[in-house]
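Enquirer:
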DNA sequence: TGTTCATACATTGCAGCGTTATGTATACTA
DNA sequence: TAGTATACATAACGCTGCAATGTATGAACA
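Chains as they are written, first to last, in our numbering: chain A, 90 to 215; chain B, 90 to 215.
#1: Can you tell me whether residue 156 (chain B) is helix, strand or coil according to DSSP?
#2: From residue 163 (chain B) to residue 118 (chain B), what does the alpha carbon distance come to, in whole angstroms?
#3: Give the DSSP-derived three-state secondary structure of residue 114 (chain B) in the structure shown.
#4: Quick one: what does DSSP say residue 144 (chain B) is sitting in, helix, strand or coil?
#5: Any idea what DSSP makes of residue 168 (chain A), helix, strand or coil?
#6: From residue 150 (chain A) to residue 127 (chain A), what does the alpha carbon distance come to, in whole angstroms?
#7: Near residue 141 (chain B), what residues of its chain come up, given a Cβ to Cβ distance below 8 Å and the 5 sequence neighbours on each side ignored?
#8: Spell out whether any CB of chain A is found under 8 Å from the CB atom of residue 193 (chain B).
#9: What in chain B is Cβ-close to residue 187 (chain A), meaning under 9 Å?
#10: Should residue 119 (chain B) be flagged as near chain A, meaning a C-beta pair shorter than 8 Å?
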């Protein structure tokens, strides 16, 4: 399933901060972690992730350091800051507010698109 | 609580389509319905909603018609199309995919930002 | 009558950000 | 030696919320 860009944009910050809250990590591993967490449903591109990490660092939500992995490759590790943890908590609150609202309006609707939509419901305003 | 723009962008299409799936409605009433559904937590601006409605109509997800309300004012009513119902179902699937993933990564974290974060957890990679 | 507020729709300029494409470099493996 | 996975980075493009602004009508109130 392909996820539209707005939804990717809305979830990227809380997702990355939460992954880093599990422990320090780096770009490539974060991409894999997202795939793993979603069971393969989410496939982020690196061209999208790196600007996110740079933005988070500029905002003070994460700190980075270069390290040499045992494999020999250089990696840029990120660690979430205290401000980042607060931001994460705020993002979670926002997400839940929107999610609760969507669930409320969705709850009355049938699960799927209806090939036979049946009679159009009477407008509330009539 | 203020909701960041990415989250508003991600939720606007499924929210509007779902509200219209409840019954035909118009711009001003949709703004009120969003406020009502969210218990006042979500406050959409009209400058954001009208372009959304125009975009949905251009995409064929809704159809519009002018009507004269009993109050005498003109209103532009919108009705969701069959394509719109299918789009709504798809948006719901996408939302749930992302929501499930976020819940999974959030579940291990404490509820709030920690003023005293305690010891930094050992990195998974060490 | 005049003023204000709520209703009702619409557009413009700005800025942020994902997408796609591209670039650079290293380590491992066939 | 060539291909693949790893690893980070940037540029051009297009979309879209946001804030500001504009137009217009009806109701309430002084």
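Cβ atoms here follow ideal geometry from the backbone N, Cα and C, with glycine treated the same way.
Expert: Quick look at the numbers:
#1: strand
#2: C-alpha of residue 163 (chain B) to C-alpha of residue 118 (chain B): approximately 13 Å in a straight line.
#3: strand
#4: helix
#5: strand
#6: A direct Cα-Cα distance of roughly 24 Å separates residue 150 (chain A) from residue 127 (chain A).
#7: Take residue 141 (chain B), set aside five residues on each side of it, and the residues of its chain with a beta-carbon closer than 8 Å to its own are 101, 102 and 105, in chain order.
#8: yes
#9: 92, 96, 97, 99, 100, 104, 127, 130 and 131
#10: Taking 8 Å as the CB threshold, residue 119 (chain B) stays off the interface with chain A.
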